[in-house]
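Next up, the structure:
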């Protein structure tokens, strides 16, 4: 599970704790203290090391104390009976398995009658890799800014890079590139897609082929911040503006803090760089992000901007259009369960309540929008 997924799920858990009048504690995640400060003064939100329930990290959907299994075996009744625990006291804890691939019994967690049952349970242990938040568009924006403050070490990385490369520019364009399938999205296709998107939408200036010695106007400066596991995009875009002047006299600079080559979540240095780059994306005036990337979701939330989304290529071809403007800054809930609650609502989660629609980058997902559809 990447850093973006962890941030999304933790924000969701925090909001759930607020809404259900609970205290949230987080398991001692590896390297977490080196990435972020404690959000609450004079206390900690990390689970004590002597917590009596051990091996929480090994819990999965098959655990006998998972809510799905307790419902399936009728040890907990969620059908509106007066005694959901069949004469027994509530269990000391219930494990909530809310990751992709969960069962229909697990997804009863999202139903109101089940929430009434869970109120009786003192300890809820939750595992998630999703943004499952069902105030509107700015929910995650405010949660991120409230909860997730970079550690001093990471903040130093952020400020040094920003002041050195981005602050002098009049405008910053952030381009976040995430490739999930290199066969469907080969390098040259993604490169052409990025250039097509940024030039067509006038996010970047074109190149001037008529005046090879044109002098740039130093009052017109634009910095491009690229975040990617690979350096090839940086090299090609930088070369494009080195070999030819930018149209309109714009002075373009291209920067990329790191190019790790592969995702190495759990490695302290790798995670620190990732967290720093997510925050740097939040400083951009305009953002271009990759479809379905949680890394991009967190960056757009920190910046409070609606990004241009690079749609996923199919069959090794540049999509048409290459990118589209998102309708809100909210992340997308990817692993949406079928609507299993008693009301049914035609089985479409995007039609259950106002302000929730299907995502542009993930048609089967749902997200919050600041409009009624």
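In our numbering, the protein residues as written are 21 to 393. For every residue, glycine included, the Cβ atom is placed at its ideal position computed from N, Cα and C. Just so we're clear, the structure is a prediction, and the values are computed from it rather than from any experiment.
In this chain, residue 273 is not harboured by any alpha helix (DSSP H); it is covered by the beta strand (DSSP E) spanning 271-275. Under a 10 Å Cβ-count criterion, residue 373 is classified as exposed, with fewer than 16 other Cβ atoms of the shown protein chains found around its own Cβ. The beta carbon of residue 332 sits closer than 6 angstroms to the beta carbons of 311 from its chain, once the five residues preceding and following it are set aside; these are given in chain order.
Around the beta carbon of residue 104, 16 or more other beta carbons lie within 10 angstroms, which makes this residue buried.
In the DSSP assignment, residue 32 falls outside any beta strand (DSSP E) and lies within the alpha helix (DSSP H) extending over 23-39.
In this structure, the alpha-carbon of residue 72 lies about 25 angstroms from that of residue 21. Straight through space, the alpha carbons of residue 100 and residue 125 are spaced by roughly 15 angstroms. Annotated three-state conformation of residue 181 is helix, per DSSP. Remark: C-beta atoms of residue 237 and residue 269 approach each other more closely than 8 angstroms. When DSSP states are grouped into helix, strand and coil, residue 318 belongs to the helix group. Rounded to whole angstroms, the gap between the alpha carbons of residue 112 and residue 138 is 11 angstroms. Residue 282 sits in coil when the DSSP states are folded into three classes, being neither helix nor strand. In the DSSP assignment, residue 115 falls within the beta strand (DSSP E) that extends over 113-118. Per DSSP, residue 352 has no beta bridge partner at all. When beta bridges are read from the DSSP output, residue 378 appears opposite 386. Residues 45, 47 of the same chain have their beta carbon placed closer than 6 angstroms to that of residue 67, with the five preceding and five following residues left out of the count. Here residue 215 carries a helix assignment [DSSP, helix/strand/coil].
In its chain, beyond the 5 residues on either side, 91, 104, 128, 133, 134, 137 have a beta carbon closer than 7 angstroms to the beta carbon of residue 98. Under the 8 angstroms Cβ criterion, the segment 306-325 does not count as touching the segment 33-42, having fewer than three qualifying pairs. Looking at the DSSP output, residue 295 bridges to nothing.
In its chain, beyond the 5 residues on either side, 274 have a beta carbon closer than 6 angstroms to the beta carbon of residue 258.
Residue environment analysis places residue 291 among the buried positions, since at least 16 neighbouring C-beta atoms fall within 10 angstroms of its C-beta. In the DSSP annotation of this structure, the continuous segment of the alpha helix (DSSP H) that includes residue 54 starts and ends at 52-55. For residue 329, the uninterrupted beta strand (DSSP E) run begins and ends at 328-330, by DSSP. Per DSSP, the continuous beta strand (DSSP E) segment holding residue 246 begins and ends at 241-247. Between residue 328 and residue 23, the C-beta spacing is not below 8 angstroms. Non-local C-beta neighbours of residue 347 in its own chain, meaning closer than 6 angstroms and more than five positions away in sequence, comprise 389, ordered along the chain. By a beta-carbon distance limit of 8 angstroms, residue 254 does not contact residue 283. Their separation comes to about 18 angstroms. In the three-state scheme derived from DSSP, where H, G and I count as helix and E and B as strand, residue 143 is classed as strand.
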